[in-house]
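Sequence lines, in order, name chains A and B.
Under our numbering, residues 9 to 576 are what the first sequence spells out, in order.
Under our numbering, residues 358 to 536 are what the second sequence spells out, in order.
No residue lacks a Cβ here, since even glycine has one placed at the ideal position from N, Cα and C.
Just so we're clear, the structure is a prediction, and the values are computed from it rather than from any experiment.
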Amino acid sequence: MTMVNVKIDGHQIQARAGSTVLEAAKEAGIDIPTLCHHPALANIGACRVCLVEVAKQRALQPACTFPVTEGIEIETESPRAVEARKFVLEMLFSERNHYCMYCEMSGDCELQNLAYRYGMDHWTYPTPYPKMPVDGTRAYFIMDHNRCILCRRCVRACSDLVANHTLGVKARGANTMISADMDVPFGESSCVNCGTCLQVCPTGALIDRKSAYMGREVQVDSVNSTCTFCSVGCGLKVVTRAGRVLRVEGDWDGHNQGVVCVAGRFEPLYDTREPVTEPMMRKNGQLEPVAWDEALDAIARKMKGAKVGAYAAGKALNETLSEFVKVFQGKAGADVHTLESTLADLDLPAGGSLQDLDAADCILVVGADPLANQRVLGYRIKRSLDKGARLLLVADGENELAAFSHRHFAVSDLHEAIRICEGGVAPVVVFGADLKREDARRLATLTGKAKFIALFPAANGFRAKELGLTNGTGADGADVLYLLLEDVVQTEALARRAKKAKFVVAHASRAGAVTEIADVVLPAPMWYEKEGSFVNLEGNKIDVTRVLPVPDGVIPGHEVFNRLAARL
Amino acid sequence: MGKVKVATDWLAACAGCHMSFLDIDERIVGLLEKIELTATPITDLKHPPEEGVTVGILTGAVNNTTHLEVVKRMRERCKILISLGDCAVFGGIVSMRNFFDLDEALRRAYVETESTVDGQIPCSEELGKPIRVRSVKDVVEVDIHIPGCPPSADTIYYALSELLEGRIPVLTGDNLKYD
């Protein structure tokens, strides 16, 4: 790494050649104000707030894009730089509606913070009061163009991080507006509701419907945890206040690089299914609240000597899943399975990472629809395509990746796709539960050549497979059926299957078709009450941190199994 | 040395800035030993004295022709003019009206409001005519700007104390707020 000598505000420092003035200053602990700059996004020098004075340069230069060179001398707060910066801020404030007193972001706004920093106590220029539209056509968040400063962070997040390319700008000058696709309402656009734009917006232009006006940064708590709604296992920052989850954000330091999808960010907060809050037993046909002891005694009594079957949701954490197998398989001799496939029948390597996709030149997707089910991985595939990778999609039915594939093969032509993959330099195979066993055998010829990413349908599928669990209907004939459902969707089909047993236990955090017919219902912690770890599709053990305390009456899964085991 | 004469007046405002002024609480007793509040909307005398005051304070935005007169009169009668609060400094909440046509706003307020029956837009000669909302500094020269919705009592006290010490107050930290 070549280093160059740089002088910033009189401090002589060494900086990496080619790094920007902003990066060099940051290394040296000098804070240059920014607005359109975001650490996760490419710099475009749009806002001009970071203008600095560079010796021997005729004009002020944006620190975020100007590279340092040997002997460069920079003044970050010279009178000329500060004057220009204040001018930029004045122009930004007078352009649209930047009245803080009735803005949702006041207190957490990056534009407001800069105005405070530079002591703006009035606006020099008159405000034209342009009447800009507010777009409320999206389900989870609102775009108020009146608050937009056109920094284009949202545009860059949409294209560079999510590779969705929905957002762009239309018109010119003061009439410039953020626009979706060919200028359609956001709700009717190709937007996938991942909310990454919402997360990077520096002002009140993008507003989360659920957490709007619910508390400023200093008033809320946040916990870093992991999303358990698919096997990617995205890093999260969960924001809470007064015992409630306000919103979910992506963790910039996670392997998901700040990106989460609608299933992790928004949908869990809009789950309206009735929560299960206490143990219940069916008495005279009706489910009635009972104490844990009574419920567990009843289950243990029914299990003794009976043919027991047990299914677990593959999203259960390691601790819960291990105990589940130990108690039901080990102690009760039950036939145990997962509700979802663990890809156990596919004799293929697994554990390829999201980073492998970044480096891929050829991506073969078979038996899976990541853009529908493991969306963040799907976005990552699209990002790789933007950088020049080729996508070979092998799918017979509909697939959300179809529009982006370079070649789309029928499953019967898998060998064709494999042949192309063999010619790749860094091929990655992404496979899922729809892959047939014999096709997996064909794919196995790429072992050693390609990285394999297994798209487990459930969050902890990797560990479930290690525990020897498979899905199937093997336990359906049991007399006593135990279903660890947590918050998975309880389909009518599953309820019909469960009904065949004489005695059904539903261990769930939400009510549904199965709890409806169950003889005993046990409460399971909500996603934000779980604590432990799981193994994501990369094969990494990742921690899930409890965001809110488990309410009275609810007991973590593994402890429930311990208590049950003591009775068997 | 005699007391420093101060006058205040309000324009299109919610009175919150004057409330915040009163919120300086018992410190106002000490303050009144040094200043004389000649006229305010919340005392008996409403108009700044003709002989003038040292400090004039205006709260609220300028939104009709009467306000134009009030602002100009205060400017003529004071040496140092303070814009107090977001409405006086920026136009504030009141200026939301500027995002609409004036006719549209008046119709909505006096005729189309859901609870209004046989509404009529006021048109008496005695009333000031509504105009496009503007901040005080867009009408006359302002010497000191104190934004805030409202500015805190501490900020107001700080600003007046600085003036009494012969300094022009510079708002930083918690004293500079827009909400």
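For residue i, return the contacting residues in chain A, with the cut-off set at a CB-CB distance below 7 Å.
i: residue 450(B); result: 109 and 110
i: residue 495(B); result: 134
Chain A partners of residue i, CB-CB under 9 Å?
i: residue 386(B); result: Under the 9 Å cutoff, chain A gives no residues; its nearest Cβ is about 28 Å from residue 386(B).
i: residue 441(B); result: Those within 9 Å of residue 441(B) in chain A number zero; the least Cβ separation is about 11 Å.
i: residue 480(B); result: The contacting residues do not exist; residue 480(B) stays about 25 Å from chain A at best.
i: residue 487(B); result: Within 9 Å Cβ-Cβ: nothing; residue 487(B) doesn't reach chain A, min ~15 Å.
i: residue 446(B); result: 129, 130 and 131
From the DSSP output, which residues share a beta bridge with residue i?
i: residue 131(A); result: Paired residue(s): none; residue 131(A) is not in a bridge.
i: residue 61(A); result: 83(A)
i: residue 151(A); result: 143(A) and 214(A)
i: residue 21(A); result: 14(A)
i: residue 232(A); result: 245(A)
i: residue 294(A); result: 291(A)
i: residue 526(B); result: None, per the DSSP bridge assignment.
i: residue 541(A); result: 551(A)
i: residue 393(B); result: 362(B)
Measuring CB to CB, does residue i end up less than 9 Å from residue j?
i: residue 30(A); j: residue 51(A); result: yes
i: residue 415(A); j: residue 428(A); result: yes
i: residue 373(A); j: residue 267(A); result: no
i: residue 228(A); j: residue 247(A); result: yes
i: residue 512(B); j: residue 501(B); result: no
i: residue 479(B); j: residue 435(B); result: no
i: residue 318(A); j: residue 353(A); result: no
i: residue 468(A); j: residue 322(A); result: yes
i: residue 167(A); j: residue 544(A); result: no
i: residue 376(A); j: residue 277(A); result: no
i: residue 41(A); j: residue 57(A); result: yes
i: residue 441(A); j: residue 419(A); result: no
i: residue 147(A); j: residue 195(A); result: yes
i: residue 463(A); j: residue 438(A); result: yes
Taking Cβ-Cβ distances shorter than 8 Å, what residues in chain A pair up with residue i?
i: residue 529(B); result: 127
i: residue 504(B); result: 129 and 130
Looking at the unbroken beta strand (DSSP E) that takes in residue i, where does it start and where does it end?
i: residue 244(A); result: 243–249
i: residue 372(A); result: 370–374
i: residue 588(A); result: Residue numbering for chain A in the displayed model covers 9 to 576; residue 588(A) lies beyond these limits and cannot be assessed.
i: residue 494(A); result: 488–494
i: residue 447(B); result: Residue 447(B) -> not in any beta strand (DSSP E); alpha helix (DSSP H) instead, spanning 443–447.
i: residue 481(A); result: Careful: residue 481(A) lies outside any beta strand (DSSP E) and carries neither H nor E.
If the cut is a Cβ gap below 8 Å, which residues of chain B does residue i touch?
i: residue 139(A); result: 456 and 457
i: residue 114(A); result: 535 and 536
i: residue 326(A); result: By Cβ distance, chain B contributes nothing, its closest Cβ being about 46 Å from residue 326(A), past 8 Å.
i: residue 183(A); result: Result: empty, since nearest Cβ-Cβ is about 16 Å, beyond 8 Å.
i: residue 51(A); result: Near residue 51(A) there are no residues of chain B at all, since even the closest Cβ is about 28 Å away, more than 8 Å.
Chain B partners of residue i, CB-CB under 9 Å?
i: residue 124(A); result: 529, 530, 533, 534 and 535
i: residue 120(A); result: 535 and 536
i: residue 407(A); result: The contacting residues do not exist; residue 407(A) stays about 46 Å from chain B at best.
Hey, is residue i close to the ligand ATP, as in C-beta under 8 Å from one of its heavy atoms?
i: residue 200(A); result: In the structure shown, the ligand ATP is absent, as is every other ligand, since no ligand is present at all.
First and last residue of the alpha helix (DSSP H) that includes residue i?
i: residue 190(A); result: From DSSP, residue 190(A) is part of no alpha helix (DSSP H); its letter is neither H nor E.
i: residue 378(B); result: 373–379
i: residue 431(B); result: 422–434
i: residue 307(A); result: 300–311
i: residue 5(A); result: Residue 5(A) is absent from the model: chain A starts at 9 and stops at 576.
i: residue 383(A); result: 383–394
i: residue 566(A); result: 565–573
i: residue 513(B); result: 510–521
i: residue 473(A); result: 469–474
i: residue 522(A); result: 521–525
i: residue 364(A); result: 362–366
i: residue 272(A); result: 270–273
With a CB to CB cut of under 6 Å and the five nearest residues on each side skipped, what residues in its chain are close to residue i?
i: residue 224(A); result: 115 and 116
i: residue 198(A); result: 174 and 189
i: residue 62(A); result: 69 and 82
i: residue 521(A); result: 498, 500 and 503
i: residue 551(A); result: 541
Here's a check: name, in chain order, each residue in its chain whose Cβ is nearer than 7 Å to the Cβ of residue i, leaving out the five neighbours to either side.
i: residue 493(B); result: 415, 419, 428, 440, 445 and 499
i: residue 455(A); result: 357
i: residue 113(A); result: 211 and 212
Taking Cβ-Cβ distances shorter than 7 Å, what residues in chain B pair up with residue i?
i: residue 172(A); result: Result: empty, since nearest Cβ-Cβ is about 31 Å, beyond 7 Å.
Please return the same chain residues whose Cβ sits closer than 8 Å to the Cβ of residue i, not counting the five positions on each side in sequence.
i: residue 226(A); result: 115
i: residue 407(B); result: 434
Proximal residues, the segment 506–523 of chain B versus chain D, C-beta separation under 7 Å: Annotation note: the requested chain D is absent from the structure, which comprises protein chains A and B.
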